[in-house]
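Residue numbers (the working numbering), protein chains in the order written: chain E, 1 to 173; chain P, 1001 to 1400.
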């Protein structure tokens, strides 16, 4: 019951930035606009959801949704074991939203991972660099318009020519 | 020597590379260490050396094919990954597997937990110079892997679960083999504790090293034995029971100081609790099927039905033909599970086709590792190894 009260409290306070509230298989999902994510999560954190269990993103290119990208926050309340999913929607051009690193330090690496794999930038992040891929990597692999076989990274990978070795081997045979 | 006295000596800062290939990293990790003498001023972990795009691959494989990929994430306890993934997919499709399958999953998860914890402690010990502990632990792990081989056919890439059940039932004589093994586990745990608990070198190397406070653990999202060693009373098996864990009786182990020594103690005590759960699972193991009904369209019918009846053949082809297969509802699911390293869960988004739209792994190794650079500051270079071992970073899961 308290959980429902909290949801209504949040929807009332941020009425113009909450897009929808849905429930699927017992998971409550709060759909919000990307720009107000810091305020909403700050309020939820003070209301008991003090543990950020997971932070990830989804590219809605083929599935459709409110906007192109969704950043998904899985919150957990250690006090009563409730979980809440917050989905922040951000548009295709200039995907950008405020960083929640100031609320949870765990967001540091997870936001870097989302930046690396989806190309979503986070305002106020202290060190937004690639984490999985090398720094000179082009593109963001988990976007739906990035092909599974890659964009020729394997073919274009620089190969060191070792002429001396081949000559030596040829002369021997 | 305190930190202050060390600071008075003017020394030149030295930057060294720890890894990517180093015997104590147990995987491919690189840490750039800034040293003042032997004291670590700053540590910058660099990861991604084993990044293999498992999540991208998941968008192109169907629900049962992806189970083979989950084996390769945490390769020390692949059965826990299999179970975590199957649970998420089953939640998405609203399937409840039979009780026998749930109990077998619990038994397998706990055996993996014993193997993982014993290896984590052994690896940590060998890095700190205690070779015997490592050899005792490794020998026991081989015995547990023999059990996995008996049940699943392989030691490492088990792929034991299916969406809606298990690959196959336990073989005959498996319960006897487990009952034969469990007393050995107790012996090995006793031996290790006798060797280490009051060992002066071990205590000096681990006590007060790499302390994670309760606040830091929450802020950094630490979970599993690492969080419980810091005093956070949170075990998903108890608090959010999945796969019939609520039918089992066990204690949640909590540490007080959050240092390397406490993490070791929590792991050892958790092994004892896992042994308790294994006995209960064998004792209460229900009879019956391990898979849901093939009519549901989510699981392949048994082979003799496929060969001997027309319905079986139809269900088989309905499941495997290219433009058919299971049709999950549109939606998303996330089931948190307690893997040996912490909270492991698969966040699956489905668009109604036979392949998932997005599969995200919540990797406990990555999230537990992010605190490393904070807790190593001000410690000695040799403590890097101690802390790294106690966090139990598995590179396959770290980079995915």
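Glycine is no exception: its CB is placed at the ideal position from the N, C-alpha and C atoms.
With 7 Å as the threshold, decide whether the Cβ of residue i is near any Cβ in chain P.
i: residue 52 of chain E; result: yes
i: residue 173 of chain E; result: With a pLDDT of only 43 at residue 173 of chain E, under 50, the local geometry of the prediction cannot be trusted, and the value read off the model is given with reservation. Closer than 7 Å: no.
i: residue 24 of chain E; result: yes
i: residue 64 of chain E; result: no
i: residue 125 of chain E; result: no
i: residue 105 of chain E; result: yes
i: residue 81 of chain E; result: yes
i: residue 56 of chain E; result: yes
i: residue 154 of chain E; result: no
i: residue 112 of chain E; result: no
i: residue 13 of chain E; result: no
i: residue 43 of chain E; result: no
i: residue 143 of chain E; result: no
i: residue 68 of chain E; result: no
i: residue 140 of chain E; result: no
i: residue 78 of chain E; result: yes
Assuming residue i and residue j are in contact, meaning their beta carbons sit under 8 Å apart, how far apart are those beta carbons, in whole angstroms?
i: residue 1173 of chain P; j: residue 1101 of chain P; result: So it is not a contact: roughly 19 Å between Cβ atoms.
i: residue 1130 of chain P; j: residue 1392 of chain P; result: Actually they are not in contact, since the Cβ atoms of residue 1130 of chain P and residue 1392 of chain P sit about 16 Å apart, beyond 8 Å.
i: residue 1268 of chain P; j: residue 1385 of chain P; result: The pair is not a contact, with the Cβ atoms about 19 Å apart (cut-off 8 Å).
i: residue 1337 of chain P; j: residue 1073 of chain P; result: That pair is no contact at about 13 Å.
i: residue 1375 of chain P; j: residue 1221 of chain P; result: At roughly 14 Å, the Cβ-Cβ gap does not stay under 8 Å, so residue 1375 of chain P and residue 1221 of chain P are not in contact.
i: residue 1371 of chain P; j: residue 1236 of chain P; result: With 8 Å as the limit, residue 1371 of chain P and residue 1236 of chain P do not qualify as a contact, their Cβ atoms being about 20 Å apart.
i: residue 67 of chain E; j: residue 91 of chain E; result: 5 Å
i: residue 1036 of chain P; j: residue 1210 of chain P; result: Not quite, the Cβ-Cβ distance comes to about 19 Å (not below 8 Å), so this is no contact.
i: residue 1059 of chain P; j: residue 1358 of chain P; result: 6 Å
i: residue 1133 of chain P; j: residue 1196 of chain P; result: 6 Å
i: residue 1365 of chain P; j: residue 1397 of chain P; result: 4 Å
DSSP on residue i, reduced to helix/strand/coil?
i: residue 1299 of chain P; result: coil
i: residue 78 of chain E; result: coil
i: residue 132 of chain E; result: coil
i: residue 1364 of chain P; result: helix
i: residue 1345 of chain P; result: strand
i: residue 1313 of chain P; result: helix
i: residue 1117 of chain P; result: helix
i: residue 1219 of chain P; result: helix
i: residue 1293 of chain P; result: coil
i: residue 1326 of chain P; result: coil
i: residue 171 of chain E; result: Any reading at residue 171 of chain E must be qualified, since the residue scores a pLDDT of 49, below 50, and its modelled position is unreliable; the value itself is stated next. DSSP places residue 171 of chain E in helix when its eight states are reduced to three.
i: residue 51 of chain E; result: strand
i: residue 102 of chain E; result: coil
i: residue 1229 of chain P; result: coil
i: residue 1099 of chain P; result: helix
i: residue 1013 of chain P; result: strand
i: residue 1338 of chain P; result: strand
i: residue 1137 of chain P; result: helix
i: residue 1382 of chain P; result: helix
Residue i: which of the options sits nearest, CA to CA?
i: residue 152 of chain E; options: E:160, E:144, E:143, E:139; result: E:139
i: residue 1180 of chain P; options: P:1161, P:1140, P:1204; result: P:1140
i: residue 1061 of chain P; options: P:1387, P:1367, P:1348; result: P:1348
i: residue 146 of chain E; options: E:117, E:17, E:156; result: E:117
i: residue 1334 of chain P; options: P:1162, P:1346, P:1325; result: P:1346
i: residue 1020 of chain P; options: P:1037, P:1045, P:1352, P:1083; result: P:1045
i: residue 1183 of chain P; options: P:1144, P:1075, P:1233; result: P:1144
i: residue 1159 of chain P; options: P:1217, P:1218, P:1071, P:1278; result: P:1071
i: residue 1013 of chain P; options: P:1039, P:1022, P:1031, P:1359; result: P:1039
i: residue 124 of chain E; options: E:96, E:114, E:26; result: E:96
i: residue 1257 of chain P; options: P:1231, P:1279, P:1251; result: P:1231
i: residue 1289 of chain P; options: P:1314, P:1283, P:1302, P:1277; result: P:1302
Spell out whether any CB of chain E is found under 7 Å from the CB atom of residue i.
i: residue 1246 of chain P; result: no
i: residue 1259 of chain P; result: no
i: residue 1088 of chain P; result: no
i: residue 1202 of chain P; result: no
i: residue 1239 of chain P; result: yes
i: residue 1358 of chain P; result: yes
i: residue 1207 of chain P; result: no
i: residue 1370 of chain P; result: yes
i: residue 1243 of chain P; result: no
i: residue 1220 of chain P; result: yes
Heavy atom of the ligand GTP less than 6 Å from the Cβ of residue i, yes or no?
i: residue 64 of chain E; result: What this structure holds is no ligand at all, so the ligand GTP is not there to describe.
For chain A, check one thing: does any of its Cβ atoms lie closer than 7 Å to the Cβ of residue i?
i: residue 1266 of chain P; result: The chain inventory of the structure shown lacks chain A, comprising the protein chains E and P.
**Request:** Mind the definition here: the stretch 1022–1034 of chain P touches the stretch 1317–1334 of chain P only if three or more C-beta pairs lie below 8 Å; say whether that holds.
**Result:** no
**Request:** Specify whether the stretch 1290–1309 of chain P and the stretch 1106–1121 of chain P touch according to this definition: at least 3 beta carbon pairs, one from each stretch, less than 8 Å apart.
**Result:** No: fewer than three Cβ pairs fall under 8 Å.
**Request:** Could you say if the stretch 1153–1170 of chain P and the stretch 1242–1256 of chain P meet the contact criterion of at least three C-beta pairs nearer than 8 Å?
**Result:** no
**Inter-stretch contact at 8 Å, needing at least 3 Cβ pairs: the stretch 1081–1096 of chain P / the stretch 1251–1271 of chain P** = no
**Item:** Cβ contact check for the stretch 97–104 of chain E and the stretch 26–40 of chain E: 3 or more pairs under 8 Å
**Value:** yes
**Prompt:** So does the stretch 1092–1099 of chain P actually touch the stretch 1224–1233 of chain P, counting three or more Cβ pairs closer than 8 Å?
**Reply:** Counting Cβ pairs under 8 Å, fewer than three are found: no touch.
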